[in-house]
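In case it helps, the numbering used here puts the sequence shown at residues 982 to 1219. For each residue, glycine too, the CB sits at the ideal point set by N, CA and C. What you are looking at is a predicted structure, and each value in this text was computed from that prediction instead of being measured.
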Amino acid sequence: MAAPITAAATARPKIMLYVDTISPFAYTAYYILRHDAAFKECDVTYVPVFLGGLMHKCGNVAPIKIKNKDKWIGRERLRWAKAFNVPMSTDLPPDFPAMTLPITRALSALAPLAGQGGDQTRLIQALDVLYAKYWVDCVPTHRPEVLREVLGEVFGAAEAERLLASAAAEGKQLLVENTERAFADGAFGLPWMTCTSASGQKEGFWGVDHFGQMAQFLELDLGKSALEQGQAGWKSVL
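Rendered as structure tokens:
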């Protein structure tokens, strides 16, 4: 008789990525996790938060408000996007940095609370489109009429209206709880990844530049994705 399969033997590495569409680095991290084969063995959960609220809780200052860093951060987003082959407009989106509360509330209404699992198919559908619209096409998705139109493209007009109504009600509270969870997990900015290894160890990582450390902590086999394909992003973080 074969030995029973234990929970430890079947455990997969887990990554919880906190996201807000206003952050180009959260977008870059999201795109990598969605498309890079290095993470195919991981269970990835995406959690919408309000970056402005998170940074306020930490007493953190947005890079764009810091002299000299505002110019450097603009170049940095393009460097990392190029390194990991992430589509990214060289121009900033309109009104940047824009208020994303309507977006993040709608996204929160699509997702279960952080850490509760559940099907994220609809959340991922929305994130794929909203990120591409904002950071590739420079569409002002934060404007109510544009957000309604984009959600209509993804889910249909009737469902978009229902989602926006839900965002103004339960989505508002879910976003608060998600942002509180990110803060409790140690986040002070985005992208923040809360990771759990196959052996159950937990650690937090901040920034695309720490993807190498995150991959090592999770004991991922980078293989062709990282080295044999010569991807510059992986070479710069390993």
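- With contacts defined as CB atoms closer than 8 Å, THR1175 and MET997 qualify as a contacting pair.
- Take PRO1078, set aside five residues on each side of it, and the residues of its chain with a beta-carbon closer than 7 Å to its own are ILE1003, ALA1043 and ILE1045, in chain order.
- In this structure the stretch 998–1018 does not lie against the stretch 1140–1152, because fewer than three pairs of beta carbons, one per stretch, are closer than 8 Å.
- Taking a C-beta distance under 8 Å as the contact criterion, GLY1170 and GLY1185 do not qualify as a contact pair.
- Here the alpha carbons of LYS1216 and GLU1151 stand approximately 43 Å from one another.
- When DSSP states are grouped into helix, strand and coil, PHE1186 belongs to the strand group.
- Of all alpha-carbon atoms in GLN1182, GLY1188, ASP1190 and GLY1214, the one lying nearest the alpha-carbon of ARG993 is that of GLN1182.
- Nearest to GLY1193 by C-alpha distance, out of GLY1214, VAL1030 and ARG1162, is GLY1214.
- PRO1083 carries a helical assignment under DSSP once its states are collapsed to helix, strand and coil.
- Counting C-beta pairs closer than 8 Å gives three or more between the stretch 1078–1093 and the stretch 1104–1115, which meets the contact rule.
- In this chain, the beta strand (DSSP E) harbouring ILE996 covers 995–1000.
- Straight through space, the alpha carbons of ARG1058 and ASN1049 are spaced by roughly 15 Å.
- In terms of Cα proximity to THR1071, the closest of CYS1119, VAL1157, LEU1108 and LEU1155 is CYS1119.
- From the listed residues PHE1020, VAL1028 and LEU1156, the smallest Cα separation to LEU1199 is found for PHE1020.
- Going by DSSP, PRO1005 is part of no beta strand (DSSP E) but of the alpha helix (DSSP H) stretching over 1005–1016.
- For VAL1110, there is no enclosing beta strand (DSSP E); the enclosing alpha helix (DSSP H) covers residues 1102–1116.
- With at least 16 other beta carbons inside 10 angstroms of its own, SER1089 counts as buried.
- For CYS1176, the enclosing beta strand (DSSP E) covers residues 1173–1177.
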